[in-house]
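The numbering of the sequence shown is full-length UniProt numbering, which starts it at 1 and goes up by one. Even for Gly, the Cβ is constructed at its ideal location relative to N, Cα and C. To start, the structure under review is shown below, and the notes come after it.
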Amino acid sequence: MSSETTKFDVINDGTFSLDPGAAFGVTPKNVWSKEFQPNENYRISLNCNICVISMDDKHYLIDSGIGNNPGKYLEKWFEAKPNRNLENYMKKNGIEKFEAIFHTHLHFDHMGHSFTDLSESKSYVHHLEIENFRKPEDFAAASYTYKSSEPDVSNLIPLFSDTRTGNFELIHTGGHTTGHMAIIFHNESLRLMFLGDLAPTTFQLKPTRLTAIDSEPLKSMNAKKILLKKAIREEFTLVMSHDQKNEIVTVSGDADDPKYRSIF
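And the structure:
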């Protein structure tokens with residue numbers, strides 16, 4: 001999608017699945033089953049949606065998906081299925097590297113390319129998330145899987161507070177993880193908000209709908225309300241990180257019970 005000199009595209013970088021209890025937390029089955037149907041293994045299939053923003057012949061990436069080779073562990077326990085969509089997109093658009101990668105967090109489904117084929121790109125991430133990635137707590141260890149017990153984090157640029165760089169705002173939210181960030185882009189022609197896993201699908205846009213994976217659920221709920229109020233008031237477009245039906249939406253109404261309109 002394009003808006004004057006700024007272009008953005010949402011790319012599905014593969015799929016994985018979660019048990020419904022992990023995906024929907026305490027939300028009852030008779031609520032979530034109206035919008036989601038488990039697969040043959042009684043798991044919920046999810047996209048890994050990442051976002052490329054291009055302007056002034058420079059290209060930026062928000063999160064880096066599941067990668068080209070997630071490994072046997074993720075294939076077995078999370079039904080991870082990679083594709084080559086990002087690689088094909090880069091070839092088609094003549095992109096050799098990204099000026100920067102902005103990470104919401106470093107769970108396996110958000111950093112798959114950052115330490116392999118895109119390791120030369122600068123990656124911005126909250127410093128708490130780097131610590132989570134290097135030495136995860138037991139609660140979240142399965143989500144921080146990496147092939148090395150001591151991953152090389154030399155390409156990561158740690159952030160210690162809310163940060164503005166160019167047209168990007170990186171907002172520390174906590175919640176889903178202690179180092180989780182929301183990524184906001186805005187210029188004269190485009191207003192874009194990437195909530196990461198505060199609201200992985202449109203189902204979780206309602207602040208009280210949380211995943212069971214959130215390490216700080218009250219922070220998730222409060223941060224979501226604040227960001228939704230901003231999105232509604234300032235007419236931001238939202239990218240949903242794991243939605244298979246509604247990748248790009250706008251929101252309206254009340255932040256406690258927002259209504260969304262799917263763009264793509």
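Once DSSP output is grouped into helix, strand and coil, what is the label at residue i?
i	result
Ser119	coil
Thr202	helix
Lys97	coil
Leu74	helix
Lys245	coil
Tyr89	helix
Phe264	coil
Gly14	strand
Asp257	strand
Phe139	helix
Asp63	coil
Asp9	strand
Determine, for residue i, whether the minimum Cβ-Cβ distance to residues of chain B falls below 9 Å.
i	result
Ala199	In the structure shown, chain B cannot be found, because there is only a single protein chain.
Express the C-alpha separation of residue j and residue i in angstroms, rounding to a whole number.
i	j	result
Lys29	Leu46	17 Å
Asp152	Asp254	43 Å
His180	Lys58	25 Å
Leu159	Lys219	19 Å
Tyr260	Ser252	6 Å
Tyr144	Phe133	6 Å
Tyr89	Pro258	33 Å
Asn222	Glu35	24 Å
Pro38	Phe168	36 Å
Pro200	His103	14 Å
Asp63	Pro82	15 Å
Asn49	Gly71	19 Å
Asp56	His110	26 Å
Thr237	Thr250	5 Å
Lys225	Thr208	9 Å
Leu61	Ile101	5 Å
Thr165	Phe185	10 Å
Ser114	Glu188	29 Å
Thr202	Cys51	17 Å
Gly67	Asp117	9 Å
Ile44	Asp138	23 Å
Ser33	Val10	26 Å
Thr27	His176	16 Å
Ile53	Pro136	30 Å
Asn93	Glu87	10 Å
Where do the N-terminal and C-terminal ends of the alpha helix (DSSP H) with residue i fall, by residue?
i	result
Ile226	217-234
Ile130	127-134
Phe24	20-24
Asn30	29-32
Using CA atoms only, rank isn't needed, just tell me which of the options is closest to residue i.
i	options	result
Phe8	Tyr42, Glu247, Pro258	Glu247
His172	Pro200, His105, Met55	His105
Leu156	Phe16, Leu170, Ile130, His186	Ile130
residue 274	Ser54, Pro38, Ala140	Examination of residue 274 is not possible in this model, given that the chain is present from 1 through 264 alone.
Leu205	Val52, Leu227, Phe185, Glu216	Leu227
Asp13	Thr5, Lys225, Leu61, Asn85	Asn85
Gly174	Arg191, Thr201, Ile263, Val125	Val125
Ile183	Leu74, Ile66, Tyr73, Asp162	Asp162
Tyr73	Ala142, Glu216, Ser189, Phe264	Ala142
Glu120	Ile53, Leu128, Pro136, Lys97	Lys97
Phe16	Glu216, Thr27, Asn69, Ile263	Asn69
Gly65	Asn41, Lys92, Asn93, Gly112	Gly112
Pro217	Lys245, Thr178, Leu190, Asp117	Thr178
Glu40	Lys91, Leu18, Asp256, Glu99	Leu18
Thr5	Ile263, Leu190, Asp256, Lys245	Leu190
Could you please give the first and the last residue of the uninterrupted beta strand (DSSP E) stretch that includes residue i?
i	result
Tyr144	Note, Tyr144: premise wrong, no beta strand (DSSP E); not H, not E.
Glu169	168-172
Ile184	181-186
His113	His113 -> no beta strand (DSSP E), and no H or E assigned at all.
Leu159	156-159
Q: Decide if the segment 241-260 is in contact with the segment 193-202; the criterion is three or more beta carbon pairs, one per stretch, under 8 Å apart.
A: yes
Q. Is the segment 17-26 touching the segment 204-213 in the sense that three or more CB pairs, one from each, lie closer than 8 Å?
A. yes
(Q) Quick check: the segment 64-79 against the segment 229-237, are at least 3 beta-carbon pairs closer than 8 Å? (A) no
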